[in-house]
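Quick notes on the structure that follows.
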Amino acid sequence: MDQWIVAMLNAISSGNADTKNLLKLPSDYNATMYNAMTTFQNVAVKPITALVLSVMLMLMLQQATTRADGDKMLSVRLVAAVMIKACLVLAVLKISGALLQGIDNIGVSLAKSGSNIQIGSGTTATANLGNAMKDSIDSANWGAQAAMLMIVLFPWLIANVVGVLPTVMIFWRFIQLDLMTAFSSLPLAFLAHEDTKQIGIGYLKRYATITLQGVMLIAGIKLYQALINGWVTSAVKAGSDPMDFIMKNFGNLFVAPIILALVVIGSNSLAKAIVGEG
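Here the UniProt record's numbering is used: the first residue of the sequence shown is 1, the next is one more, and so on.
See below:
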């Protein structure tokens with residue numbers, strides 16, 4: 001029974017959330033899904049992108065000749081500017097995959113750095129509440145352990161329910177990244193025209209937001225762990241009565257999973273704020 005109590009307290013203090021998949025690139029998370037979206041882009045999206053880009057270039061050339069109003073030198077300059085812009089957009093479209101992979105790599109690099117941060121005394125084992133209280137829980141009698149188990153059970157159940165949220169959000173995050181990769185060439189083609197370039201810029205900002213959401217999720221969970229460490233774990237004293245300690249800190253243990261839920265749900269808003277999208 002003592003092992004159950006220790007495991008429950010560890011789950012509450014650590015957040016009980018598996019974020020290992022956030023350390024993976026979209027192509028590594030689910031190669032089949034990623035390759036399917038890449039094929040979809042090559043077969044279905046790129047032909048439409050070529051058509052849209054052709055129409056936009058024709059309109060831009062028409063606008064250039066209209067602005068020239070018979071001035072040959074001005075006409076040549078305007079047409080040359082349009083062609084240069086077209087070449088730049090084509091270059092961006094050609095490296096669109098590498099551009100998105102670059103954003104992915106930045107996100108994974110930040111996620112790995114954040115994931116390596118240790119909370120508390122510097123080791124995961126001592127930072128978890130259950131491990132910090134293990135000796136005193138082991139020394140408690142059977143009746144006290146049963147009472148502690150009943151007290152900790154409800155916050156532990158909430159923590160487990162909340163722990164599902166990151167898993168769902170991580171799965172949805174990768175689906176969004178794969179879908180946006182599939183359609184990447186189309187919004188980037190709109191960079192060619194002054195009136196539509198915000199579509200392409202908005203697309204890149206949205207992709208960066210979804211990528212950073214994973215980073216903010218890890219940062220939020222680390223912040224949560226630090227909060228619990230400051231609230232509860234750091235107050236554990238050797239030889240203290242574990243039942244008395246749990247009763248005094250029941251409010252913190254109960255509120256902790258709710259705070260974790262707010263952190264997880266708010267990760268998207270924080271990512272938007274960083275890229276200036278929201």
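Backbone N, C-alpha and C fix where the C-beta goes; we use that ideal spot for every residue, glycine too.
Its chain contains L57 and A192 as the residues whose beta carbon lies nearer than 7 Å to that of A86, once the 5 sequence neighbours on both sides are disregarded; these appear in chain order. In the structure shown, M1 falls within a coil segment according to DSSP collapsed to helix, strand and coil. Straight across, the Cα-Cα distance linking K24 with L217 is about 14 Å.
Two segments are said to touch when three or more pairs of C-beta atoms, one from each, lie closer than 8 Å; by this definition the stretch 33-46 touches the stretch 161-179. Annotation for A140: P242 place their beta carbon closer than 6 Å to its own, counting only its chain and skipping 5 residues before and after.
Just measuring C-alpha positions, the residue of A81, L270, V79 and M247 sitting nearest I151 is M247.
Here DSSP, grouped into helix, strand and coil, assigns D138 to helix.
Bounds of the alpha helix (DSSP H) holding A81 are K72 to K94.
Residue nearest to F183 within the set G97, A7 and L61 is G97 (criterion: CA-CA distance). The Cβ atoms of A256 and G114 lie no closer than 8 Å to each other. Here the stretch 11-24 does not lie against the stretch 193-210, with fewer than 3 beta-carbon pairs under 8 Å apart.
Between S185 and V89 the beta-carbon gap is near 10 Å, outside 8 Å, which marks them as no contact. With 16 or more other Cβ atoms inside 10 Å of its own Cβ, N10 counts as buried. Annotated as distal: S54 and Q225, with beta-carbon spacing of 8 Å or more. A Cβ-Cβ separation of about 6 Å places M133 in contact with V236 under the 8 Å criterion.
Rounded to the nearest angstrom, the Cβ distance from V79 to A64 is 5 Å, consistent with a contact under 8 Å. Cβ contact annotation for D104 (same chain, cutoff 7 Å, sequence separation greater than five): L25, P26 and T211, in chain order. Within the same chain, Cβ atoms closer than 7 Å to the Cβ of I274 are found at L212, the five residues on either side in sequence being excluded. When DSSP states are grouped into helix, strand and coil, A261 belongs to the helix group.
Residue environment: V164 is assigned as exposed (fewer than 16 neighbouring CB atoms within 10 Å of its CB, all protein chains considered). The DSSP-derived three-state label of N116 is coil.
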